[in-house]
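> One line per chain: the protein sequences are S and X, in this order.
Position one of the first sequence corresponds to residue 1 (the UniProt record's numbering), numbered consecutively onward.
Position one of the second sequence corresponds to residue 1 (the UniProt record's numbering), numbered consecutively onward.
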Amino acid sequence: MGNKEEEQLTEAKNKFAEIPIPETIDNYIYAGIQKATNYRRKGRRTFYSAIAVAALLFFSVISIRISPVFASIVRQIPGFERLVSVIQGDKGLESAVANDYVQVVGKSQTKQGITFTVDEIIVDEQRLFIFYSITTEENYDSIIASKVEITNQDGEDIVGTLANGAHIDVVAGETVKGKMDVGFLDGVDIPDELNLNLSFQANEIDNKETWNIHFLVDKEKFSANKETFPLNKTVTVEGQKLTFQEVTIYPTRIAIHVKYDEANTKELFSFDDLVILNEDGEEWASVKNGVSGTTINANEEMLYLESNYFEKPEELYLQFSSIRALDKDQMEVVVDLTKEQLIKKPEELLSLSKVVKEKDIVRLTFSIKQTNAFDTNQFYEIFNNRYFDHDGNEYSLGGSSSYRSSELGFMTEISVKNVVNASPLYLEISDFPSRIEQKTTIKIK
Amino acid sequence: MDMVEQLLKEAQKGDQEAFFQLLTVHKEQLYRVAYAYLKNEADSLEAIQEVTYRAYKNIKKVKEPKYFSTWLTRIMMNYCNDEWKRRKRLSGKEPTELLLAHVKENDARLSIEAAIQTLDPKLQEVIVLKYFQDMTIEQIAYVLKRPSGTVKTWLNKALRMLRKQLEEGGEFHG
Numbered sequence: 001m002g003n004k005e006e007e008q009l010t011e012a013k014n015k016f017a018e019i020p021i022p023e024t025i026d027n028y029i030y031a032g033i034q035k036a037t038n039y040r041r042k043g044r045r046t047f048y049s050a051i052a053v054a055a056l057l058f059f060s061v062i063s064i065r066i067s068p069v070f071a072s073i074v075r076q077i078p079g080f081e082r083l084v085s086v087i088q089g090d091k092g093l094e095s096a097v098a099n100d101y102v103q104v105v106g107k108s109q110t111k112q113g114i115t116f117t118v119d120e121i122i123v124d125e126q127r128l129f130i131f132y133s134i135t136t137e138e139n140y141d142s143i144i145a146s147k148v149e150i151t152n153q154d155g156e157d158i159v160g161t162l163a164n165g166a167h168i169d170v171v172a173g174e175t176v177k178g179k180m181d182v183g184f185l186d187g188v189d190i191p192d193e194l195n196l197n198l199s200f201q202a203n204e205i206d207n208k209e210t211w212n213i214h215f216l217v218d219k220e221k222f223s224a225n226k227e228t229f230p231l232n233k234t235v236t237v238e239g240q241k242l243t244f245q246e247v248t249i250y251p252t253r254i255a256i257h258v259k260y261d262e263a264n265t266k267e268l269f270s271f272d273d274l275v276i277l278n279e280d281g282e283e284w285a286s287v288k289n290g291v292s293g294t295t296i297n298a299n300e301e302m303l304y305l306e307s308n309y310f311e312k313p314e315e316l317y318l319q320f321s322s323i324r325a326l327d328k329d330q331m332e333v334v335v336d337l338t339k340e341q342l343i344k345k346p347e348e349l350l351s352l353s354k355v356v357k358e359k360d361i362v363r364l365t366f367s368i369k370q371t372n373a374f375d376t377n378q379f380y381e382i383f384n385n386r387y388f389d390h391d392g393n394e395y396s397l398g399g400s401s402s403y404r405s406s407e408l409g410f411m412t413e414i415s416v417k418n419v420v421n422a423s424p425l426y427l428e429i430s431d432f433p434s435r436i437e438q439k440t441t442i443k444i445k
Numbered sequence: 001m002d003m004v005e006q007l008l009k010e011a012q013k014g015d016q017e018a019f020f021q022l023l024t025v026h027k028e029q030l031y032r033v034a035y036a037y038l039k040n041e042a043d044s045l046e047a048i049q050e051v052t053y054r055a056y057k058n059i060k061k062v063k064e065p066k067y068f069s070t071w072l073t074r075i076m077m078n079y080c081n082d083e084w085k086r087r088k089r090l091s092g093k094e095p096t097e098l099l100l101a102h103v104k105e106n107d108a109r110l111s112i113e114a115a116i117q118t119l120d121p122k123l124q125e126v127i128v129l130k131y132f133q134d135m136t137i138e139q140i141a142y143v144l145k146r147p148s149g150t151v152k153t154w155l156n157k158a159l160r161m162l163r164k165q166l167e168e169g170g171e172f173h174g
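1. Got a sec: is the Cβ-Cβ distance from S:Lys35 to anything in chain X below 7 Å?
2. Is it right to say S:Asp391 is buried, meaning 16 or more other beta carbons lie within 10 angstroms of its own, or is it exposed?
3. Give a yes or no on contact between the stretch 183-191 of chain S and the stretch 147-166 of chain S, applying the rule of three or more CB pairs nearer than 8 Å.
4. Roughly how many angstroms lie between the CA atoms of S:Phe244 and S:Val258, to the nearest whole one?
5. Out of S:Glu347, S:Lys339, S:Phe320, point me to the one whose CA is closest to S:Val333's CA.
6. Establish whether the CB of S:Tyr28 and some CB of chain X are separated by less than 7 Å.
7. Should S:Phe184 be listed as close to the ligand ADP, given that the test is whether its C-beta is under 6 Å from any heavy atom?
8. First and last residue of the beta strand (DSSP E) that includes S:Asn139?
9. Between S:Asp389, S:Val335, S:Thr248, which has its C-alpha nearest S:Asp124's C-alpha?
10. Counting pairs of beta carbons, one from the stretch 47-58 of chain X and one from the stretch 140-156 of chain X, are three or more of them closer than 8 Å?
11. Could you give the residue range of the alpha helix (DSSP H) that holds X:Phe20?
12. Taking the alpha-carbon positions, what's the S:Tyr101 to S:Phe222 distance?
13. Could you give the residue range of the beta strand (DSSP E) that holds S:Ala285?
14. Which first and last residues belong to the alpha helix (DSSP H) in which X:Lys57 is found?
15. Would S:Val97 count as contacting chain X if we go by Cβ distances under 7 Å?
16. Applying a beta-carbon distance threshold of less than 8 Å, which residues of chain X neighbour S:Thr24?
17. Which first and last residues belong to the alpha helix (DSSP H) in which X:Met3 is found?
18. With respect to the beta strand (DSSP E) encompassing S:Val237, which residues constitute its N-terminal and C-terminal limits?
19. Buried or exposed, going by whether 16 or more other CB atoms sit within 10 Å of the CB of S:Glu81?
20. Just to confirm, is the Cβ distance from S:Glu5 to X:Leu119 under 7 Å?
21. Can you list, in chain order, the residues of its chain whose CB lies under 7 Å from that of X:Val126, leaving out five sequence neighbours each side?
22. Quick test of the definition: if touching needs 3 or more C-beta pairs under 8 Å, does the stretch 410-428 of chain S touch the stretch 380-387 of chain S?
23. Tell me, please, which residues DSSP counts as bridged to S:Ile144.
24. Counting only Cβ pairs nearer than 7 Å, list the residues of chain X close to S:Glu5.
25. Nearest-angstrom Cα distance between S:Phe366 and S:Ser351?
26. Residues of chain S with CB closer than 8 Å to the CB of residue 215 of chain X, please, in chain order.
27. Around the C-beta of S:Lys177, are 16 or more other C-beta atoms found within 10 angstroms, so that it is buried, or is it exposed?
28. So, using beta-carbon positions, are X:Met135 and X:Leu129 closer together than 7 Å?
29. Are the C-beta atoms of X:Arg87 and some chain S residue less than 7 Å apart?
30. Could you check how far apart the C-beta atoms of S:Asn421 and S:Val362 are, in whole angstroms? I think they sit under 8 Å.
31. By Cβ distance, which residues of its chain are closer than 6 Å to X:Ile59, with the 5 residues on each side in sequence left out?
32. Residues of chain X with a CB under 9 Å from the CB of S:Leu9: which are they?
33. Could you tell me which chain C residues have their CB closer than 8 Å to the CB of S:Asp154, listed as they occur along the chain?
34. Taking 7 Å as the limit between beta carbons, can you name the residues of its chain near S:Phe59, skipping five residues before and five after?
35. Please report the distance separating the alpha-carbon of S:Ala224 from that of S:Tyr250.
36. So is X:Arg86 buried or exposed if we call it buried at 16+ other beta carbons inside 10 Å?
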């Protein structure tokens, strides 16, 4: 055939190859996975516990991004190939490994047919990563390390925060890999020794056995230090005051200490586009999938960005232009379960679109109107985990999941106890697509 | 074992990170197929979400790692076809008309893309797979679950029809 139409087809193909790929695409892949895990969860009738698992996986899944350059660097370091799949996508961890900032441990213990191995660790003053593998003699629908306790040489607990994911559909004899992300308790130094005790929840049943791994920390390896930049800079965005106290750069992450003025009329949820730029205005550090952080108190928090510790620019600037925020008196959503309607809600952006009553639980689906371009790029939880009934009894959400559809917009489904007699229910907003905006740049160094 | 094969194995065991990476590796290809059919970013992104969902549910059905990529493309095409049918229901128009109308807004000249869209959906698929996805006849046969002979016949038919459309292109402005 090789003539006119084939020529044109080749041309069309070139055009096809130039169709730009939106940056937000990964969020849609993530949303598809979340929708599917939601589906599996319902299929298995393990509603409550599986949601907790899904929530954990949420955090691990979104941080993964393929970087061929990084993968090739790591392949040149003998023994580290297996790390690629676990840390790919985290700039801080990638550069840590590329700079040989990793200690090989390789200690394992087998009990009841489950072998747990600590393969490697990465540690700095903020954070400890334990890269592990699990091999089992039986198949499991799900297995997750539980009751994790980590102590130092003096037997002191060092765990401030801990995140680890579940492994699903584990096949006998095949090794699965994962990581535990441990944030140290305040004031904990890099330990000399680590003692790890844990158990497993396999097929959602707690195992009574305890696995124990003890090893020394190679502090020479982790001698890279932190860099602290005091800022004490207060900025005002649409009348709301926020103070950047200091920025600390560790090998594994960057911590930004920020305070919100108690007198602010709005609750500030999250920065849409917080970045750190170098002297050429290039992005030196940023968060691709929403800012992570820890709350110090109601008006103070630490925000974390992926680190770029091993690269040292001349100057650094912190920059943002948009923050999600809502009036403090709008933070409550009141649901009448009997009439299946909302008694109180923030602005016009949120509506109750579906109520499904089952025996013990009620699934509430909310539709949230998102009009800002940032929202196509982000997923966040609209509701706090806790809620109250009419008599002030506190409960925890049975679960929540979110997805996006072009017809209905952003949907979030939560499940609450079927407490009809105690209706209405009081839900709390934890994040919302309303914003305060102003481009702000602060010099770090 | 290459990377896709390794990731596929892990994903089939339920490793969500591996699954995410698999989709990441194929996302550009999938997005472009979606865009070629749906013609706008929002719908194409939604297609990505839906195809991820369908692939996740059915990942265990993939037996041959070397056909994983074609398998994903197949899901995307099915989705796009469903989407066409849905649009047709909503608008009462043939999807090709719908897409052509869109093409005309942007480009008065009948383009090869517009010509492709006038083809029978089966023939369109063959063209997209062969020329946009660079698949071999064998791969296309696998995707479409037809003998290679049939695929060859379709391909020839499609090219003949395309030539005809391009020669008579003017008619499509009417």
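Idealized CB from N, CA, C, for every residue including glycine.
On the basis of the coordinates in this document:
1. True, the Cβ-Cβ gap to chain X drops below 7 Å.
2. exposed
3. Touching, yes, given that three or more Cβ pairs across the two stretches are closer than 8 Å.
4. For S:Phe244 and S:Val258, the gap between their C-alpha atoms comes out near 5 Å.
5. S:Glu347
6. yes
7. With respect to small molecules bound, the structure shown includes none, and the ligand ADP cannot be examined in it.
8. Looking at the DSSP string, S:Asn139 is not in any beta strand (DSSP E), and its letter there is neither H nor E.
9. S:Thr248
10. no
11. 16-38
12. Rounded to the nearest whole angstrom, the C-alpha separation of S:Tyr101 and S:Phe222 is 6 Å.
13. 283-286
14. Residue range 41-58 is occupied by the alpha helix (DSSP H) that includes X:Lys57.
15. no
16. Per Cβ cutoff of 8 Å: Leu45.
17. 3-12
18. 227-237
19. Residue confidence for S:Glu81 is low, a pLDDT of 49 falling below 50, so the modelled location carries little weight; the figure read from the coordinates is stated next. Exposed: under 16 other Cβ atoms inside 10 Å.
20. Against a cut-off of 7 Å, the Cβ pair of X:Leu119 and S:Glu5 comes out as no contact.
21. Ile140, Val151, Trp154, Leu155, Ala158
22. The stretch 410-428 of chain S vs the stretch 380-387 of chain S: in contact.
23. S:Gln201
24. Leu159, Leu162, Arg163, Leu166
25. Pairing S:Phe366 with S:Ser351, the inter-Cα distance amounts to about 6 Å.
26. A question about residue 215 of chain X goes unanswered here, because the residues of chain X that appear run from 1 up to 174.
27. buried
28. yes
29. no
30. S:Asn421 to S:Val362, Cβ: 13 Å. No contact.
31. Ala11, Gln12
32. Ile112, Ile116, Ile127, Lys130, Tyr131, Phe132, Leu159, Leu162
33. As a matter of chain content, chain C is missing from the structure shown, whose protein chains are S and X.
34. Caution applies to S:Phe59, whose pLDDT of 33 falls short of 50 and renders its modelled position unreliable; the value that the coordinates give is listed next. Counting only Cβ-Cβ distances below 7 Å, and skipping sequence neighbours, we find Ala163.
35. S:Ala224 and S:Tyr250: Cα-Cα distance of roughly 8 Å.
36. exposed
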